[in-house]
Every structure is written in structure tokens, then in C-alpha cells.
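> The opening residue of the sequence shown carries number 4 in my numbering; numbering runs sequentially from there.
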Amino acid sequence: MQELTDKIALITGAGAGIGHAISKALNNAGATIIAVARNGNNLQQLQQQLSNNANQYWLIDLSNKEGQHQLLKQLEAFSFPHIVVCNVHVKSEKKRLINTTTENFSKDFTVNIDHLFTIMEKTLQFQRTKNFGRWIGISSYAAHVGLPGQAIYNAQKTTMQSLFLSLAVEEGKHGITANIVSPGLIETPSVKKSIPKEMFDKLAVMNVAKRAGQPEEIAAAVKFFASTSAGYITGVNLPVCGGAQLAWHFS
Ligand SMILES: NC(=O)c1ccc[n+]([C@@H]2O[C@H](COP(=O)([O-])OP(=O)(O)OC[C@H]3O[C@@H](n4cnc5c(N)ncnc54)[C@H](OP(=O)(O)O)[C@@H]3O)[C@@H](O)[C@H]2O)c1
Numbered sequence: 004m005q006e007l008t009d010k011i012a013l014i015t016g017a018g019a020g021i022g023h024a025i026s027k028a029l030n031n032a033g034a035t036i037i038a039v040a041r042n043g044n045n046l047q048q049l050q051q052q053l054s055n056n057a058n059q060y061w062l063i064d065l066s067n068k069e070g071q072h073q074l075l076k077q078l079e080a081f082s083f084p085h086i087v088v089c090n091v092h093v094k095s096e097k098k099r100l101i102n103t104t105t106e107n108f109s110k111d112f113t114v115n116i117d118h119l120f121t122i123m124e125k126t127l128q129f130q131r132t133k134n135f136g137r138w139i140g141i142s143s144y145a146a147h148v149g150l151p152g153q154a155i156y157n158a159q160k161t162t163m164q165s166l167f168l169s170l171a172v173e174e175g176k177h178g179i180t181a182n183i184v185s186p187g188l189i190e191t192p193s194v195k196k197s198i199p200k201e202m203f204d205k206l207a208v209m210n211v212a213k214r215a216g217q218p219e220e221i222a223a224a225v226k227f228f229a230s231t232s233a234g235y236i237t238g239v240n241l242p243v244c245g246g247a248q249l250a251w252h253f254s
């Protein structure tokens, strides 16, 4: 039997890049996947690559209240998850702080975690009955170093990090863990599209591995935190960034 057989894993932003790779990794470990994204073609492609007839592919826009409530309703009808991977990234405008207004900030600040509050109470109640829960947040190494033009993005990610620390503390005695994975530069379709090649190549070598990471390398870390054997690891923030956190990566 595979380690995650009988476990249901919700992955937000599962249609492409890192979320796609996480869905595949958890499915390979036996989990039933609830994949959430907006692009139907991407979800269809994912469906062709996963095995398990019980998997769910839900077209939901998580950036608004309607979508967040739709997620809750669909979970109520199907099942709440044992594993939650908060990977979605609703893009916000990149602005330097000098150009950022209160309106920009309050519009985008919590957009990537709002859905968690909609589903949290009932998901935790479900997980408590199982004495098992895994919450994994996909943050960013950028939130550790403060990239220019990324203030709102960084604030979103550090907010999720703090939230997960409280989750770890409050729910630990119920067999529920909460951990963060902080990717460095990962070669996903959206990153390749949004960063000019010259810039991408420069960023890719700002670590000791001297290359960009692959989505599967983030998925491997998520799969570890999601595993039944990782129950004694909680409140951790794991950089998966080719050693970018080391001071002398440019040696
Ligand atoms: N790639 C990197 O270098 C890197 C580095 C650090 C951190 N990260 C983090 O890793 C996560 C995944 O990154 P990625 O590069 O794989 O991003 P991506 O390719 O842009 O994927 C994001 C996913 O979110 C979905 N999504 C976007 N808006 C949505 C919405 N409103 N409702 C529902 N789903 C939505 C997208 O699918 P649809 O368009 O179909 O909705 C897609 O499946 C993000 O949280 C990102 O911040 C990435």
C-alpha cells in the first residue's frame, strides 16, 4: 500500500507549474487529489497524467468570495481533505513601495489565503476526527530577502507563514502539522513568461547549485511534509532554493 492511500489532498493552483507537479507527486504516493484552478485545458492535461478515478478537477476562481464559497460547498459535497496545499498564486501588480497605495495593498494583501479561512474551520474539524492533518503553504524565498517591486507579494507570503505557525501551535495535539516550503527560482511556465530570459539566466545562478529549480523539486519537499511519517515535524519553513540562503553563493 502506498503511504497516502486513503488520504485526500486539496491542491490550490494545481493547473500548471509547481501545483501540477505537487498533484502528480501526491497522487503517485496514493492520495486522491482535489485539483483547483481556473484553466480547464490545464486541468484536463493534469487529469490525463494522474491515476485514480476518484480525483477531482474543479474549475474555481479563488480570488473572489463566490469562488471561495464554491470551494467550501464542493468540499462539503465530496469530502474535506486530510492534506491542504496552499499553492495558488493570484497575480498582483508589481509596484515599488513608493507607488503603492492603501487601495493596492488592501486589495491584494490576503487574496492568496482568503480561501483558507473559508474552509479552515470545517477542514480542521474533519482532520481532528481523523487525528491527522497536513497543511503545507508554498511561500517564496523572495519573502526572506525582500525583492524590489514585490512588497505586496512578500507581505502575502510572510502573512501565510505566520498563520501557519499559529496553526501548528494550535492544532499540534490533534495530529495536525503545518509547514512552509519556500521555493527559490523555479522553472515554471508562468515564470518563464514573466521574466525576460536574460534576467532569468542571471537569477538562476544566484545560488550554490548554479541553476533554476524544477517544479518536481518543490513537489518532493511537499510530499515529505504530507507523508504520514512526518507527523513530528511542524512549524518548519524549508527553503528549496539551491542554497540561495548561503552567504557566499556567488563564490
Ligand atoms: N516559480 C517560481 O519561481 C516560484 C518561486 C517562489 C514561489 N513560487 C510560488 O509557488 C506557487 C506556484 O508558482 P508557479 O510558478 O507554479 O505559478 P503559476 O504557474 O502561475 O501557477 C499558479 C497556479 O495558480 C492558479 N491560479 C491563478 N490564479 C487563480 C485563481 N484566481 N483561482 C484559482 N487558481 C488560480 C493557476 O491556474 P489557472 O490560471 O488555471 O487558474 C496555476 O495553476 C505560487 O504560490 C508562487 O508564488 C513560485
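Backbone N, C-alpha and C fix where the C-beta goes; we use that ideal spot for every residue, glycine too.
Keep in mind the model is a prediction, meaning the values are calculated, not measured.
(1) Measure the alpha-carbon distance for cysteine 244 versus methionine 209 and round it to whole angstroms.
(2) May I ask you to check if the CB of valine 243 is nearer than 7 Å to at least one heavy atom of ligand 1?
(3) Restricting to Cα atoms, I'd like to know which of Lys98, Val87, Gln77 is closest to glycine 152.
(4) Is it true that the CB of alanine 34 sits closer than 8 Å to the CB of isoleucine 11?
(5) Assuming the contact rule is C-beta atoms closer than 8 Å, alanine 24 and glutamate 219 should be a hit. Round their C-beta distance to whole Å, please.
(6) Helix, strand or coil for glycine 43, going by three-state DSSP, please let me know.
(7) Suppose you measure from the CA of leucine 150 to the CA of isoleucine 141; what does that come to, to the nearest Å?
(8) I'd like to check one pair, leucine 13 with alanine 229: are the Cβ atoms closer than 8 Å?
(9) Tell me, please, which residues DSSP counts as bridged to asparagine 182.
(10) Three-state secondary structure (DSSP) at alanine 12?
(11) Which ranges does the alpha helix (DSSP H) cover as unbroken runs of at least 4 residues, wholly within the region 166-227, from first to last along the chain?
(12) Over the uninterrupted alpha helix (DSSP H) stretch that includes leucine 75, give me the two end residues.
(13) What do you reckon, are the CB atoms on serine 232 and serine 185 nearer than 8 Å?
(14) Consult DSSP for alanine 28 and reduce its assignment to one of helix, strand or coil.
(15) Suppose contacts are defined by Cβ-Cβ distances below 8 Å. Is asparagine 67 in contact with isoleucine 36 by that definition?
(16) Three Cβ pairs or more, each shorter than 8 Å: is that satisfied between the region 87-95 and the region 113-129?
(17) Less than 6 Å between C-beta atoms, sequence neighbours within five positions excluded: which residues of the same chain meet that for threonine 180?
(18) For glutamine 153, write down the residues that DSSP places opposite it in a beta bridge.
(19) Does the distance between the C-beta of serine 193 and the nearest non-hydrogen atom of ligand 1 fall short of 7 Å?
(20) By the three-class DSSP mapping on this structure, what secondary structure does valine 148 have?
(21) Looking at the secondary structure, which residues open and close the beta strand (DSSP E) in which asparagine 240 lies?
(22) I want to check one thing, is the minimum distance from the CB of aspartate 111 to the heavy atoms of ligand 1 below 7 Å?
(23) For tyrosine 156 and glycine 175, I'd like the C-alpha separation in whole angstroms.
(24) With a CB to CB cut of under 7 Å and the five nearest residues on each side skipped, what residues in its chain are close to asparagine 42?
According to the structure data:
(1) One C-alpha to the other measures close to 9 Å.
(2) The answer is no for valine 243.
(3) Out of Lys98, Val87, Gln77, Lys98 has the C-alpha closest to the C-alpha of glycine 152.
(4) Yes, these two residues count as a Cβ contact at 8 Å.
(5) Contact check for alanine 24 and glutamate 219: beta-carbon distance about 5 Å, within the 8 Å limit, so the pair qualifies.
(6) DSSP places glycine 43 in helix when its eight states are reduced to three.
(7) Using only the alpha carbons, I get a separation of about 17 Å.
(8) Contact flag unset, no.
(9) Looking at the DSSP output, asparagine 182 bridges to Ile139.
(10) In the structure shown, alanine 12 sits in a strand (DSSP, three-state: E or B).
(11) Qualifying alpha helix (DSSP H) stretches, in chain order: 192-197, 200-207.
(12) DSSP places leucine 75 inside the alpha helix (DSSP H), whose first and last residues are 68-80.
(13) Not closer than 8 Å, so no.
(14) Three-state result, alanine 28: helix.
(15) No; because the gap between Cβ atoms is not below 8 Å, this pair is not in contact.
(16) Contact holds between the region 87-95 and the region 113-129, because three or more Cβ pairs, one in each stretch, are under 8 Å apart.
(17) Cβ neighbours of threonine 180 within its own chain (closer than 6 Å, five residues either side excluded): Arg137, Thr237.
(18) Lys98, per the DSSP bridge assignment.
(19) Taking 7 Å as the cut-off, the C-beta of serine 193 counts as close to a heavy atom of ligand 1.
(20) Three-state result, valine 148: helix.
(21) Segment 240-243, the beta strand (DSSP E) holding asparagine 240.
(22) No - ligand 1 has no heavy atom lying nearer than 7 Å to the Cβ of aspartate 111.
(23) Rounded to whole angstroms, tyrosine 156 to glycine 175 spans 28 Å at the Cα level.
(24) The beta carbon of asparagine 42 is closer than 7 Å to those of Gly18 in its chain, skipping five residues each way along the sequence.
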